[in-house]
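K.L.:
Residue numbers (the working numbering), protein chains in the order written: chain S, 35 to 227; chain H, 35 to 227; chain C, 35 to 227; chain B, 35 to 227.
The structure under discussion is supplied below as structure tokens; questions concerning it will follow.
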DNA sequence: AATGAATGAGATTTCATTCAT
DNA sequence: TATGAATGAAATCTCATTCAT
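Printed below as a string of structure tokens:
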């Protein structure tokens, strides 16, 4: 593991548990076993590290959502796949997610802009599969797409506040639960599930 | 409006838009048109102001939920009332809610403990109405109470990230949407809705 | 006990244990069960209270030393009486003494001047009885008066660092010890003791 | 002279004349010609500097007392050597001593503990040479060891209040005076001096 | 005589960042 | 690549004192 990655990993561990402002560059370099010089050789600022953490995660989540979305399947099957991938991301990127949802507003403007775009792209994938489902007659015609999108995102995103890999339910159980819960509200005919 | 309230209001405005750490006591007293001495005469620390903001909100939300819960009605009617009150809180306490969900982890231990208790009490109200609904045969028998509680909370809480009083949908529309969305997933027979 | 005395007493208790700077006017008024207004009604400043504590003590000590010195007795008997009174003051004014020797340098110039004069007057009494004793042939001819004065003062004053009314030795035992110790060094013929 | 030493020296000069609380970090860095950052790069707190000053002095004094004590000589010769070294310390470490006796109670607990131990070790050396002298028949059998120890310490320590290197008496004259004064009170037979 | 809200200067400490090596 | 001493702006909080009531 090279120094750059060691710094990112240490920052991630610290920021996800203590928060961006509570973590000083001093603490990071001490945990990463390097020096101030080492840090600033690889990053132009503490904020850049925060950006890296955001970017790694959203890039991965977006890629997974796009892959799921591109499968030539019915909207129902596509949204189920998207949700399944989405929920599983919370298992793979737990620490990143805490940072992503808790510290995003600390990003400098230039970084925030980049992240925001990717986040909107992610949201659009969900909106458009809902749109396709309604058009295809699989989803309820009276569905408010915007509100449904936000409800789904909220429900799943909130996991960052409580999901525990060692908790009562496995990530797959949680995924299945969410899919069931959402599809009940979205599908015209639940029996097709 | 006395100085104490003016300080809380200024703090709320600033923290909800800029974040706890970005807001200095200097900024607060400048906006509240007082002095550092004035600030520390009324509060023992900046953190105490943060606590006040949390406490005012959660105390109100909890009170409303308890009132809704105590109505002698069926679990279906009770959960609908609870959800309706809950969603409307986001209209009345928008700024408080941003602070509540974004800055809670900045509370000092002593304050955090108090808030945590009230938050858990709130969660329990939802869990137990779900329990009652299942027992009464109104809600689906296979419902996972814990996950359903978290799904509902997540869905609604997430509003703090996007709800805009001047946005496309009124708070009542949003409330109705959430009730419809959730009840579809929870009820045994949606036609009873 | 009137408010003024209650304030002095509370200040004395606090300053003697915690030190002048560690004791705020807030603490004093809280212990004295009064208010800022009450405090500043009776004293023009916190420093004036410090002065009062100094003055009460040095005025008493000086009075006792003068009384002992004025007895028409031999230098030997006079110095023994002076020492005995001096040591006993440490029992009566323990808290005052801690403040006197620990906090004198915190006195404002105007107050310091007054205290310094009384302190010098006290020292002069000892110097002059030593002088009389040497002249009378009772004390050693080769005695350096200044150094002997400082040695005696140091020895006794140091008690403020260690004297404990509940300790191994009573105040009278300590007094007798000091008298014996000093007289051995001072007298021409110890057998006359 | 490196920055760390320059900070200690400036602190020593300032604290010994103005007192710990009257000296701000601002003043120190201004005299030491550095910045607050420079100060806190080398010390974790203002209190740590105070500790350094205490420790340098007591470590030296203790070392000298131990060396004097370890000489294979009679108790009489040993105590004379200890006293001589002790008094001379007041010439070498005048500023340190003012701080040591005036500001020790301002040390944080962790630091105070360390200093206290060394101070007690120093006191024990005097107590035990007195013990040896009594046992050897050189010192008076009726000597109260504890009180004698405190008398000797007080007498010499008090010098921190008055000793002036440019004063009437040289440090060697003062040392000889104290030795003579103390030995007169301690020895069985003064003629052996 | 007594209150306590309000002041504002100043205290200690933190921290991201720079730079000579 | 990497170091760590040094910076200085800014943070939170304290405190003796004032003053309208």
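We treat Cβ as the ideally placed atom computed from N, Cα and C, and that holds for glycine.
Between residue 46 (chain S) and residue 129 (chain S), is the Cβ-Cβ spacing less than 8 Å?
P.N.:
yes
K.L.:
Any beta carbon of chain B sitting closer than 8 Å to that of residue 157 (chain C)?
P.N.:
Taking Cβ atoms only, chain B never reaches closer than 8 Å to residue 157 (chain C), which makes this a no.
K.L.:
Starting from residue 53 (chain S), find everything on chain H with Cβ-Cβ shorter than 8 Å and list it in chain order.
P.N.:
139, 140
K.L.:
Short of 6 Å in beta carbon distance, which residues of its chain neighbour residue 81 (chain C), apart from the five on each side in sequence? Order them along the chain.
P.N.:
142
K.L.:
On the criterion of 16 or more Cβ atoms from any shown chain inside 10 Å, does residue 188 (chain H) qualify as buried, or is it exposed?
P.N.:
buried
K.L.:
Distance cutoff 8 Å, beta carbons only. Does residue 131 (chain C) sit that close to anything in chain B?
P.N.:
So no, residue 131 (chain C) is outside the interface.
K.L.:
Consider the Cβ of residue 99 (chain H): report whether some Cβ of chain S lies at a distance smaller than 8 Å.
P.N.:
no
K.L.:
Cβ closer than 8 Å: which chain H residues qualify as neighbours of residue 122 (chain S)?
P.N.:
In chain order: nothing, as chain H lies at least about 16 Å away.
K.L.:
Between the Cα of residue 38 (chain H) and those of H:119, H:65, H:144, spot the shortest distance and give me the residue it belongs to.
P.N.:
H:65
K.L.:
Which bits of chain H does residue 208 (chain S) rub up against, with CB to CB less than 7 Å?
P.N.:
Within 7 Å of the CB of residue 208 (chain S), the CB atoms of chain H belong to 181, in sequence order along the chain.
K.L.:
Given residue 216 (chain H), which residues of its chain have a CB within under 7 Å of its CB, disregarding the five upstream and five downstream residues?
P.N.:
117, 186
K.L.:
Report the residue from B:125, B:136, B:50, B:62 whose alpha carbon sits nearest the alpha carbon of residue 200 (chain B).
P.N.:
B:125
K.L.:
Please state the DSSP three-state secondary structure of residue 221 (chain S).
P.N.:
strand
K.L.:
Under the three-state reduction of DSSP, which class applies to residue 120 (chain H): helix, strand or coil?
P.N.:
Helix at residue 120 (chain H).
K.L.:
Considering residue 229 (chain B), what are the terminal residues of the alpha helix (DSSP H) in which it resides?
P.N.:
Since the first and last residues shown for chain B are 35 and 227, residue 229 (chain B) lies out of range.
K.L.:
The alpha helix (DSSP H) with residue 188 (chain B) in it runs from where to where?
P.N.:
Segment 179–191, the alpha helix (DSSP H) holding residue 188 (chain B).
K.L.:
Residue range of the alpha helix (DSSP H) that residue 38 (chain S) falls in?
P.N.:
37–52
K.L.:
Listed in chain order, which residues of the stretch 184–195 of chain S have Cβ atoms closer than 9 Å to some Cβ of chain H?
P.N.:
184, 185, 186, 187, 188, 189, 190, 191, 192, 193, 195
K.L.:
Looking at residue 99 (chain B) and residue 159 (chain B), is the spacing between their C-beta atoms short of 8 Å?
P.N.:
yes
K.L.:
Within 8 Å of any Cβ in chain C, is that where the Cβ of residue 225 (chain B) sits?
P.N.:
Contact of residue 225 (chain B) with chain C is not assigned, every C-beta pair being separated by 8 Å or more.
K.L.:
Excluding the 5 residues preceding and the 5 following residue 113 (chain H) in the sequence, name in chain order all residues of the same chain whose CB lies nearer than 7 Å to its CB.
P.N.:
163, 167
K.L.:
Hey, would you say residue 221 (chain C) sits closer than 8 Å to residue 110 (chain C), going by beta carbons?
P.N.:
yes
K.L.:
Does DSSP put residue 73 (chain B) in a helix, a strand or coil?
P.N.:
helix
K.L.:
Mind checking whether residue 41 (chain B) and residue 76 (chain B) have CB atoms under 8 Å apart?
P.N.:
Judged by beta-carbon spacing, residue 76 (chain B) lies within the 8 Å limit of residue 41 (chain B), meaning their Cβ atoms are closer than that value.
K.L.:
Find the nearest neighbour of residue 51 (chain B) within the set B:132, B:78, B:93, judged by alpha-carbon distance.
P.N.:
B:132
K.L.:
What are the boundary residues of the alpha helix (DSSP H) that residue 167 (chain C) is part of?
P.N.:
143–169
K.L.:
Using only the alpha-carbon positions, how far apart do residue 93 (chain B) and residue 149 (chain B) sit?
P.N.:
9 Å
K.L.:
Going by other Cβ atoms of all chains shown within 10 Å of its Cβ, with 16 needed for buried, is residue 105 (chain H) buried or exposed?
P.N.:
exposed
K.L.:
Compare the Cα-Cα distances from residue 170 (chain S) to each of S:108, S:70, S:71 and report the closest residue.
P.N.:
Of the listed residues, the one whose Cα sits closest to residue 170 (chain S) is S:108.
K.L.:
How about residue 139 (chain C) and residue 91 (chain C): do their beta carbons lie closer than 8 Å?
P.N.:
no
K.L.:
Candidates C:59, C:67, C:57, C:53: which alpha carbon is nearest residue 35 (chain C)'s?
P.N.:
For the residues C:59, C:67, C:57, C:53, the minimum Cα distance to residue 35 (chain C) belongs to C:67.
K.L.:
Roughly how many whole angstroms lie between the Cα atoms of residue 146 (chain B) and residue 83 (chain B)?
P.N.:
13 Å
K.L.:
State the start and end residues of the unbroken alpha helix (DSSP H) segment that holds residue 128 (chain S).
P.N.:
128–137
K.L.:
Assuming contact is defined by CB atoms lying nearer than 8 Å, are residue 1 (chain H) and residue 59 (chain H) in contact in what I supplied?
P.N.:
Not covered by the structure: residue 1 (chain H). The range shown for chain H is 35 to 227.
K.L.:
Mind checking whether residue 225 (chain S) and residue 183 (chain S) have CB atoms under 8 Å apart?
P.N.:
no
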